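First up is the structure itself, then whatever we jot down about it.
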């Protein structure tokens, strides 16, 4: 599945920091993201409550362009990955964030809902 969002920033470097670093991803995609030499540890949940922790391996990181990673449970399946890609729309002079994520057909609506929620957090917390 692929979703595209128009961003409210004219700074590619700010957007890049928000999608490619643990600190940036922690502001909108999860509660905590640690990047240890291309291995992401992603945590959702409150410090005193139930937490979900997942690990991912960064497959590609092209500065100011895209980051692609694969969840550890999806290793071995080349079709399963998450990609966050920045592009510029010259006509509107805006940046776009294109998210590509694997989802089973029955899960597309719920995955779209999750990414829409994350996009709203990105806007609320950073203005982007």
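In this note's numbering, the protein residues as written are 36 to 163. Ideal Cβ placement from N, Cα and C applies to all residues, glycine included. As the structure is a computational prediction, the values presented were derived from the model and not from experiment.
For residue j and residue i, believed in contact at Cβ under 8 Å, the rounded distance
i, j, result
"residue 75", "residue 104", "6 Å"
"residue 160", "residue 62", "5 Å"
"residue 93", "residue 80", "Actually they are not in contact, since the Cβ atoms of residue 93 and residue 80 sit about 23 Å apart, beyond 8 Å."
"residue 85", "residue 78", "Rounded, the Cβ-Cβ distance is 11 Å, inconsistent with contact."
"residue 145", "residue 96", "Actually they do not touch by this definition, with Cβ atoms about 27 Å apart."
Burial state of residue i, where buried means 16 or more other Cβ atoms lie within 10 Å
i, result
"residue 107", "exposed"
"residue 163", "buried"
"residue 83", "exposed"
"residue 111", "exposed"
"residue 65", "buried"
"residue 141", "exposed"
Where residue i sits in the DSSP three-state scheme
i, result
"residue 100", "coil"
"residue 143", "helix"
"residue 161", "helix"
"residue 87", "strand"
Beta-bridge partners of residue i, as assigned by DSSP
i, result
"residue 122", "131"
"residue 68", "77"
"residue 45", "Bridge partners of residue 45: none, in fact."
"residue 152", "DSSP lists no partner for residue 152."
"residue 105", "92"
"residue 40", "132"
| Taking three-plus beta-carbon pairs below 8 Å as touching, is the stretch 117-129 in contact with the stretch 38-58? | The stretch 117-129 makes contact with the stretch 38-58; the number of CB pairs closer than 8 Å reaches 3 or more.
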